[in-house]
Amino acid sequence: MTILLDRARRLADDILFPAAADVDAQGVIPASHFTALADAGLYGIALPTPDGGPADLPAVTEVLAGACLTTTFTWMQHHGAVRTLASTAQGALRERYLAAAVTGELRCGVAFAGALPEPPRLWATREPDGYRLDGHAPLVTGWGLVDLVQVAARDTGTAHAPDEEAVIITALLDARAAPGLTAHPLALLAAQGSNTVRLRFDSVFVPDALVSGQTTRSALLAAMTASSRINGCLALGVAGRCVRLIADTGRSAVAGRLGTELDAARAELDAGLLDPALLPVARAAASELAYRVAGALVVAAGSTGILEGHPAGRLLREAAFTLVAAGREEIRTDLLARMTG
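Read the sequence shown against this note's numbering and you will find it ends at 345, with the numbers running on by one and no gaps.
Structure below.
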């Protein structure tokens, strides 16, 4: 076990899980949660350190998600921006933001979903010294909690190009209201405290100095497929917590069987790192397992499981959240097949 994973486990058990019911009920993540994550070095986990690094991200995400999905879902948006800042050709951007992002002094979110659909929902039009953004990003997490948001938008100059030539611009913007930029809060089934919004862009100008890079639609789709391993950790974390709580009801045999299924689901996701074609199926299997195990917890808890304040109800909603959060069409197709026989 690395130092980062050990810290994550202690943070999950000592801070996050005891507060999870209040976070869910109030729809607010305490600032102390983000401070604790930063103090544990977990905002810099996307880069190698003596205490651990990217190889720990799946296990750490799973541990944290099993304690407080709301906090974890908000925190996990940060790492893509850290990787972007570390690799960008924009040296000034890296110098300005990377060190603070690694320590968690600066927190980041992501708004990629507007660039991927066909037709895209968010467009970038080239102008002198920058780009103009128009359209919307449908789901942006952490608004009001993060300092920067990494935005992806389709270049209008390649509007009709094939995926391997369709250019997508990425940029880092201040995560606050600005002329032409409007945030519309969304009410979620779970993780309401994540402050997820719909961002509307009306002629928002992004100077070249804030453009972190560009990629193609095919490359971004491949990267999003690879990220399914980390997104699957949310489902594994929820399932793992449910297994522990089922064991606490005295049903150790049931918990043991479900724990074996959990290990198998994790192994399938790991296998997908070597063969990305396997990831959508593995990701669907993880969420289906989480939803089934959460239902089993409600049954195992009995009548207390349907009382307000019992973790079973929250975990059931969180398991449902993983069915579609950060999902893709092929994942949903597989899930529907699994859940409808």
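The beta-carbon is built from N, C-alpha and C at its ideal position, and this holds for glycine as well.
If you're wondering where the values come from, they're calculated on a predicted model, not measured in any experiment.
*Output the distance between the C-alpha atoms of G48 and A179, rounded to the nearest integer angstrom.*
20 Å
_Assigned secondary structure, C72 (DSSP; H/G/I helix, E/B strand, else coil)_ = coil
*Can you name, in chain order, every residue of its own chain whose Cβ lies under 6 Å from the Cβ of D206, other than the five neighbours on each side?*
G184
*Are S291 and T337 touching if we call contact CB-CB under 8 Å?*
no
*Put P132 into one of helix, strand or coil per three-state DSSP.*
coil
*For V64, I'd like the list of residues in its chain whose CB is within less than 7 Å of its CB, leaving aside the five on either flank, ordered along the chain.*
L8, L9, A12, L46 and I49
_I'd like to know whether the C-beta atoms of G113 and L126 end up nearer to each other than 8 Å._
no
_Tell me the DSSP secondary structure of H37 in three-state form._
helix
*Measure the beta-carbon distance from G197 to I33 and round it to whole angstroms, keeping in mind my assumption that it falls under 8 Å.*
5 Å
*Counting contacts by CB-CB distance shorter than 8 Å, is R180 in contact with chain D?*
No chain D is part of this structure, which consists of one protein chain only.
*What is the DSSP secondary structure of Q175, reduced to helix, strand or coil?*
Sequence check: residue 175 is Ala here, not Gln. Three-state result, A175: strand.
*Tell me, please, whether the segment 220–237 touches the segment 259–266 by the rule of three or more beta-carbon pairs shorter than 8 Å.*
no
_Can you tell me whether P62 is helix, strand or coil according to DSSP?_
helix
*Who are the near neighbours of V106 in its chain, counting only those whose CB is closer than 6 Å to its CB and skipping five residues on each side?*
G48
*Look at the alpha carbon of A3 and the alpha carbon of H164, and state the distance between them as a whole number of angstroms.*
With the chain represented from 5 up to 345, any question about residue 3 goes unanswered, as that position is not in the structure.
*Let me know the secondary structure DSSP gives A156 once reduced to three states.*
strand
_Whole alpha helix (DSSP H) elements within the segment 162–208, 4-residue minimum_ = none
*For W127, which of helix, strand or coil comes out of DSSP?*
strand
*Starting from Q218, follow its DSSP beta bridges and name the residues at the other end.*
I173
*asked:* Let me make sure I understand the geometry here. Which of V86, T186, A251 and P132 has the alpha-carbon closest to that of R111?
replied: V86
*Below 8 Å between beta carbons: does that hold for A24 and R318?*
yes
_Among C246, L240, A330 and L249, whose alpha-carbon lies nearest the alpha-carbon of A268?_
L240
*asked:* Using 8 Å as the threshold, is the C-beta distance between A243 and E322 below it?
replied: no
*Which residues mark the beginning and the end of the beta strand (DSSP E) in which V27 is found?*
No beta strand (DSSP E) contains V27, which is instead part of the alpha helix (DSSP H) from F21 to Q30.
_When you compare the CB positions of T200 and L283, do they come within less than 8 Å of one another, or not?_
no
*Quick one: using the 10 Å Cβ neighbour count with 16 as the cut-off for buried, is T39 buried or exposed?*
exposed
_If you measure between the beta carbons of V155 and T220, is that distance less than 8 Å?_
no
*May I ask you to verify whether the segment 54–63 touches the segment 121–137, counting CB pairs closer than 8 Å and requiring at least 3?*
no
*Cβ atoms of L41 and S216: under 8 Å apart, would you say?*
no
_Beta-ladder partner(s) of A115, from DSSP_ = V155
*Candidates D43, R332 and L301: which alpha carbon is nearest A104's?*
D43
*For R14, does the count of other Cβ atoms within 10 angstroms reach 16, so buried, or fall short, so exposed?*
exposed
_Taking the alpha carbon of I19 as the reference point, which residue from D159, A182, A35 and Q30 has its own alpha carbon closest?_
A35
*asked:* Taking the alpha carbon of E109 as the reference point, which residue from A275, V150 and T174 has its own alpha carbon closest?
replied: V150
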